[in-house]
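Colleague: The following block contains the structure, expressed as structure tokens.
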Amino acid sequence: MPDLAAAARSGLEPAPYRLPLEEELVARVAWLIRWRWVAAGALIGVAVGARYVLALRIPWLPLCLIGAAILAYNLLFLQRLRTLRRNHTASVTTFSQFAAVQIALDWLALTLTVHYTGGIESPFLIFFIFNAIVASILLPPRTAYLLAGFGVALVAGLALLEFWGLLVHRAIPELHDPRLQGPVFLVVALGFFVSAILFSIYLATSIARQLVRRTRELAELKQNLEAAYQKMRTLYETSRAVSSTLNLPQVLATIVRQAAQVVGVKASSIRLLDEEQRFLEISAAYGLSDAYLTKGKVDPQRGEMDRLALHGKAVALLDATIDPRFQYPDEARKEGIRSVLSVPMMLHDRAIGVLRVYTGEVREFTAEETEFLLALASQGAAAIQNARAYRQLQELEEAKSRFVFAVTHELKAPLAAVQSQFAVLRGGYAGQLTEKQQALIERAAHRMDRLQALLRDLLALGSLKDRLPQRRTTELNLAEWVRRVVEIVQPEAESRGVTLELRLPEAPVPFRTTEEDVHRLVGNLLENAVKYTPSGGQVTVQLRAEPSQVTLTVSDTGVGISPEAMPHIFQEFYRAANVKELGTEGTGLGLSLVKRLVDLYLGEVRVESKLGKGTTFTVTLPREPGPGPEAPPPSPRV
Amino acid sequence: MRNGKHVILYIDDDQDFLDSVRAILEAHGYVMEEATSAETGLKKFKECKPDLLIVDLMMEEIDSGTHFVKELRLLGNTAPIYMLSSAGDQLFMATDYSDLGLAGVFQKPIQPEILLSTLREKLK
Chain W
29 MPDLAAAARS GLEPAPYRLP LEEELVARVA WLIRWRWVAA GALIGVAVGA RYVLALRIPW
89 LPLCLIGAAI LAYNLLFLQR LRTLRRNHTA SVTTFSQFAA VQIALDWLAL TLTVHYTGGI
149 ESPFLIFFIF NAIVASILLP PRTAYLLAGF GVALVAGLAL LEFWGLLVHR AIPELHDPRL
209 QGPVFLVVAL GFFVSAILFS IYLATSIARQ LVRRTRELAE LKQNLEAAYQ KMRTLYETSR
269 AVSSTLNLPQ VLATIVRQAA QVVGVKASSI RLLDEEQRFL EISAAYGLSD AYLTKGKVDP
329 QRGEMDRLAL HGKAVALLDA TIDPRFQYPD EARKEGIRSV LSVPMMLHDR AIGVLRVYTG
389 EVREFTAEET EFLLALASQG AAAIQNARAY RQLQELEEAK SRFVFAVTHE LKAPLAAVQS
449 QFAVLRGGYA GQLTEKQQAL IERAAHRMDR LQALLRDLLA LGSLKDRLPQ RRTTELNLAE
509 WVRRVVEIVQ PEAESRGVTL ELRLPEAPVP FRTTEEDVHR LVGNLLENAV KYTPSGGQVT
569 VQLRAEPSQV TLTVSDTGVG ISPEAMPHIF QEFYRAANVK ELGTEGTGLG LSLVKRLVDL
629 YLGEVRVESK LGKGTTFTVT LPREPGPGPE APPPSPRV
Chain U
31 MRNGKHVILY IDDDQDFLDS VRAILEAHGY VMEEATSAET GLKKFKECKP DLLIVDLMME
91 EIDSGTHFVK ELRLLGNTAP IYMLSSAGDQ LFMATDYSDL GLAGVFQKPI QPEILLSTLR
151 EKLK
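Protein chains in written order, with this note's numbering: chain W, 29 to 666; chain U, 31 to 154.
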């Protein structure tokens, strides 16, 4: 029977209930039965044909009866075969026995045929060889020889009985040579017959044995190949998973699961060195109970197995419950762990942790398995490095944002103070001003207004990056708030001779956001459009609501954006060449703010523009359910 | 009122703002009393009984302005109170000023026209 345990161990699906060799046996038995129909028919045909066509004087009736008998027992064989096939637990032995019975009956039938066609002179004698070869192929060598012995005995017995006159010697007159009589002929004929049979069997069984061996080797090779392929597939998929996600816990969980399943063990775990590089702490586990996981830190000083592993060696323990190199033998026994293999997770020639697999029964690990686990472990190390690097990057980014924010904040108060003082001066509250003084103060005040606008935008940008905890979104009617922003910009547009057109849906557009965000997003786009459209031009604002998203379009008939400037327009402080010429003022942060907001809301912004013709900004924002602008991103814990 | 002029009490820890507002208010016939902290503000409040108060949102501590306003409420103040805040004060956005009983908010930097027109309206 196939080794299901081995199949399960290799992590593959259990093999079909018959090995290929056994399938062969079943097929051959069926084939034998099929050919027997032909043989029986041929016998009858030959008998009749020889008698009536060739006019040989042979006893055609007995021969036909033998043929009929063959047909009859073949029918029984067919029934038996059908029964055996339906019964899935029929073993190789059953089929072998079945084949042997068939061949034995065939020998009998053939002997009878030989008797009626001339005994030792029968031309049918040669068909025994055919049967002998079939026996050698289907049956183990010993059985084949036994059957051969049976057949030879039948023939020899027949020949002797005929020679002694106990059986009638029915020679076919037309084929009979009277000179071929006597004991010498008998001995010679029998001798040749027996040696032919024996030699055929010998040849056939050797070839068959070779065949069997080769087939077995091939089957084993195939299994090994499949196991190796499975391991490669696992490594490939793990490396893909590692490079496609920064979710470290997920990656490590995948690795421990693959390790356990491919090697076919009960459990596995990843332990990483803590920050002091002193203890090994659990980072991922598969198939282990909570009780075992919380047993305590693994101290490489006390557990020699891990100390060795951390020095870059793979260490296997046959029985962790009694091996002094394992730190927690009692816990291992309680968990049902016996053999353990530890491989180091190497990063830049230094071990950062270990990958362990645990079995439920004592077993050795092969070199292939160890190599596979080493490869898996190094993928884990790579994933950890990625996650750590990314985390560092994030922290740097956050530190930078916080700094910029803090600095900008500090600048606000003094600037406001100076502006207030200038307001006093400008208003004449500190006394009458000369024209020159007035002009200078105006210009200074204007520069400070610009500075204030810059600080305001910088702070806005900083607050969006940093996701300060104070973002409180509410459900508001987006259409209404877009309208309000347009109303605020209206006077400015009018003074520049630019017409504002607003297209809003009739029904309210519920959307989760803050008034500030709407104001900033729509306001910046609108102010840009108005600023960069010459007098007589038009700016159109349109809001479209769909079940899954809202779309805001701001298009103008202004100066447009050149193809060279396009890739940069959302960069901080970038101002395209053509607007610098216009002399219009801007902080250079407006579109950065827009982009930042769009990203925050997980939306998209598209720009289409033609120099001298106009520009259209299209912003699409999804409506629920995403994480929303309030939740900070989950960061991998390493 | 004092000598027929309205008394405005302005509390802010930044002297430059105090001086700028004083120049504006006094040029338009208001009397201004000042204080540089919530503590001295309360003292001044009890002394001069202002007709209107202007309070900076952020003095030494975050939100000290709102605390101060609550204290005034407890003292039974009936004069209108205006808050001063820098544009983009995130924390201010979180406060609901109808809750505090404020009459309104002014932005920093000071815009004299807005300040004066509001005072004219309120103190008729």
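For every residue, glycine included, the Cβ atom is placed at its ideal position computed from N, Cα and C.
Under a CB-based cut-off of 7 Å, is residue 457 (chain W) close to chain U?
Modeller: As a working mapping, residue 457 (chain W) is identified with position 429 in the first sequence. Closer than 7 Å: yes.
Colleague: Indicate the three-state DSSP secondary structure (helix, strand or coil) for residue 232 (chain W) in the structure shown.
Modeller: As a first step, residue 232 (chain W) is located in the first sequence; it is residue number 204 there, counting from the start. Looking at residue 232 (chain W) - three-state DSSP - the assignment turns out to be helix.
Colleague: Could you tell me whether any Cβ in chain W is nearer than 7 Å to the Cβ of residue 147 (chain U)?
Modeller: Translated into positions along the second sequence, residue 147 (chain U) becomes position 117. Residue 147 (chain U) does not count as touching chain W.
Colleague: Residues of chain U with CB closer than 7 Å to the CB of residue 647 (chain W), please, in chain order.
Modeller: On the first sequence, residue 647 (chain W) is found 619 positions in, with the first residue counted as 1. Within chain U, no residue has its CB atom less than 7 Å from the CB of residue 647 (chain W), the nearest being about 22 Å off.
Colleague: State the beta-bridge partners of residue 136 (chain U) as determined by DSSP.
Modeller: Here residue 136 (chain U) is taken as the residue at index 106 of the second sequence, counted from 1. The partner list for residue 136 (chain U) (beta bridge, DSSP) reads U:114.
Colleague: So, at 7 Å on beta carbons, what are the nonlocal neighbours of residue 12 (chain W) in its own chain, with the 5 sequence-adjacent residues on each side left out?
Modeller: For chain W, the structure presents residues 29 to 666; residue 12 (chain W) sits outside this window and is missing.
Colleague: Measuring only between beta-carbons, confirm whether residue 46 (chain U) sits less than 7 Å from chain W.
Modeller: Along the second sequence, one-based indexing puts residue 46 (chain U) at 16. Chain W contact via Cβ: present.
Colleague: Any beta carbon from chain U within less than 7 Å of residue 449 (chain W)'s own beta carbon?
Modeller: What you label residue 449 (chain W) is simply residue 421 of the first sequence in a count that begins at 1. Among the CB atoms of chain U, one or more fall inside 7 Å of the CB of residue 449 (chain W).
Colleague: Please classify residue 509 (chain W): is it buried, with 16 or more other beta-carbons within 10 angstroms of its beta-carbon, or exposed?
Modeller: In the first sequence, counting from the first residue as 1, residue 509 (chain W) sits at position 481. By the 10 Å Cβ count, residue 509 (chain W) comes out buried.
Colleague: Kindly list the residues whose CB is nearer than 8 Å to the CB of residue 350 (chain W), restricted to its own chain and excluding five residues on each side of it in sequence; keep chain order.
Modeller: Translated into positions along the first sequence, residue 350 (chain W) becomes position 322. Within the same chain, residue 350 (chain W) has close Cβ partners 357.
Colleague: Using DSSP with H/G/I as helix, E/B as strand and the rest coil, what is residue 414 (chain W)?
Modeller: Here residue 414 (chain W) refers to the residue found at position 386 when the first sequence is read from its first residue. Correct three-state label for residue 414 (chain W): helix.
Colleague: Can you find a CB in chain W that lies within less than 7 Å of the CB of residue 41 (chain U)?
Modeller: By one-based count along the second sequence, residue 41 (chain U) stands at place 11. No, its Cβ sits nowhere closer than 7 Å to a Cβ of chain W.
Colleague: Quick one: Cα of residue 567 (chain W) to Cα of residue 595 (chain W), how far?
Modeller: Along the first sequence, read from residue 1 onward, the residue named residue 567 (chain W) stands at position 539. Along the first sequence, read from residue 1 onward, the residue named residue 595 (chain W) stands at position 567. Their Cα atoms are separated by approximately 23 Å.
Colleague: Can you find a CB in chain U that lies within less than 7 Å of the CB of residue 379 (chain W)?
Modeller: Residue mapping note: residue 379 (chain W) aligns to position 351 of the first sequence, counting from 1. Residue 379 (chain W) does not count as touching chain U.
Colleague: Given that a residue counts as buried once 16 or more other Cβ atoms are within 10 Å of its Cβ, and exposed if not, what is residue 82 (chain W)?
Modeller: Here the question's residue 82 (chain W) lines up with position 54 in the first sequence. Within a 10 Å sphere around the beta-carbon of residue 82 (chain W) sit fewer than 16 other beta-carbons, which makes this residue exposed.
Colleague: So, with DSSP's three-state summary, where would you put residue 645 (chain W)?
Modeller: As a first step, residue 645 (chain W) is located in the first sequence; it is residue number 617 there, counting from the start. Strand, per DSSP.
Colleague: Does residue 435 (chain W) come within less than 7 Å of chain U when only Cβ atoms are used?
Modeller: By one-based count along the first sequence, residue 435 (chain W) stands at place 407. Not one chain U Cβ lies under 7 Å of residue 435 (chain W).
Colleague: Using 8 Å for Cβ pairs, my map puts residue 625 (chain W) next to residue 548 (chain W). What's the rounded Cβ distance?
Modeller: Residue numbering aside, residue 625 (chain W) sits at position 597 when the first sequence is read from its first letter. Residue numbering aside, residue 548 (chain W) sits at position 520 when the first sequence is read from its first letter. Going by Cβ atoms, the distance from residue 625 (chain W) to residue 548 (chain W) rounds to 6 Å, so yes, they are a contact pair.
Colleague: Using C-beta distances below 7 Å, list every residue in its chain close to residue 79 (chain W), excluding the 5 sequence neighbours before and after it, in chain order.
Modeller: For this step, residue 79 (chain W) is matched to residue 51 along the first sequence. Cβ within range, chain order: 86 and 88.
Colleague: Does the beta carbon of residue 291 (chain W) sit closer than 7 Å to a beta carbon anywhere in chain U?
Modeller: On the first sequence, position 263 is the one that residue 291 (chain W) refers to. Not one chain U Cβ lies under 7 Å of residue 291 (chain W).
Colleague: Could you list which residues in chain U have their beta carbon closer than 7 Å to that of residue 440 (chain W), in chain order?
Modeller: Residue mapping note: residue 440 (chain W) aligns to position 412 of the first sequence, counting from 1. 116, listed in chain order.
Colleague: Can you tell me which residues form a DSSP beta bridge with residue 65 (chain U)?
Modeller: The sequence position of residue 65 (chain U) within the second sequence is 35, counting from 1. Partner(s): U:41.
Colleague: Contact criterion: CB-CB distance below 7 Å. Does residue 445 (chain W) meet it with respect to chain U?
Modeller: Position 417 of the first sequence holds residue 445 (chain W). Taking Cβ atoms only, chain U reaches closer than 7 Å to residue 445 (chain W), which makes this a yes.
Colleague: Inspect the beta-carbon positions of residue 506 (chain W) and residue 539 (chain W) and report whether they are closer than 7 Å.
Modeller: Your numbering for residue 506 (chain W) matches position 478 in the first sequence. Your numbering for residue 539 (chain W) matches position 511 in the first sequence. In this structure, residue 539 (chain W) lies closer than 7 Å to residue 506 (chain W) by Cβ.
Colleague: Return yes when the Cβ of residue 50 (chain U) is within less than 7 Å of the Cβ of residue 480 (chain W), no when it is not.
Modeller: Reading the first sequence from its first residue, position 452 is the one you call residue 480 (chain W). Reading the second sequence from its first residue, position 20 is the one you call residue 50 (chain U). Taking 7 Å as the Cβ cut-off, residue 480 (chain W) and residue 50 (chain U) do not qualify as a contacting pair.
Colleague: For residue 687 (chain W), count the other beta carbons within 10 Å of its own beta carbon; 16 or more makes it buried, fewer makes it exposed. Which is it?
Modeller: Residue 687 (chain W) is absent from the structure shown; chain W starts at 29 and stops at 666.
Colleague: Please identify the residue among W:531, W:370 and W:503 whose C-alpha is closest to the C-alpha of residue 399 (chain W).
Modeller: Within the first sequence, the letter at position 371 stands for residue 399 (chain W). Taking only the C-alpha atoms, the option nearest residue 399 (chain W) is W:370.
Colleague: Within 10 Å of its beta-carbon, does residue 650 (chain W) have 16 or more other beta-carbons around it, so buried, or fewer, so exposed?
Modeller: Counting from one through the first sequence, the residue named residue 650 (chain W) turns up at place 622. Per the 10 Å Cβ criterion, exposed.
Colleague: Would you mind stating whether residue 599 (chain W) and residue 648 (chain W) have Cβ atoms separated by less than 7 Å?
Modeller: Within the first sequence, residue 599 (chain W) is the residue found at index 571, counting from 1. Within the first sequence, residue 648 (chain W) is the residue found at index 620, counting from 1. Cβ distance not < 7 Å, so residue 599 (chain W) and residue 648 (chain W) don't count as in contact.
Colleague: Taking DSSP as the reference, what is the three-state secondary structure of residue 355 (chain W)?
Modeller: Here residue 355 (chain W) corresponds to residue number 327 of the first sequence, with the count starting at 1. Coil at residue 355 (chain W), not helix or strand.
Colleague: According to a CB-to-CB cut-off of less than 7 Å, which residues of the stretch 45-69 of chain U neighbour chain W?
Modeller: 46, 47, 50, 53, 54 and 57
Colleague: Please report the distance separating the alpha-carbon of residue 187 (chain W) from that of residue 106 (chain W).
Modeller: Stepping through the first sequence from its first residue, residue 187 (chain W) is reached at position 159. Stepping through the first sequence from its first residue, residue 106 (chain W) is reached at position 78. Between residue 187 (chain W) and residue 106 (chain W), the C-alpha separation is close to 33 Å.
Colleague: Across the stretch 464-471 of chain W and the stretch 61-69 of chain U, are there enough close Cβ pairs to call them in contact, namely three or more that are closer than 8 Å?
Modeller: Result no; under three Cβ-Cβ pairs closer than 8 Å.
Colleague: Nearest CA to the CA of residue 20 (chain W): which residue from W:202, W:189, W:343 and W:314?
Modeller: Any property of residue 20 (chain W) remains undetermined from this structure, which presents chain W solely from 29 to 666.
Colleague: What are the start and end residues of the beta strand (DSSP E) that includes residue 374 (chain W)?
Modeller: In the first sequence, residue 374 (chain W) corresponds to position 346, counting from 1. Unbroken beta strand (DSSP E) run through residue 374 (chain W): 368-375.
Colleague: Evaluate residue 339 (chain W) with the Cβ neighbour count: other Cβ atoms within 10 Å of its Cβ, from every protein chain shown; 16 or more gives buried, anything less gives exposed.
Modeller: The residue you call residue 339 (chain W) lines up with position 311 of the first sequence. Burial call: exposed.
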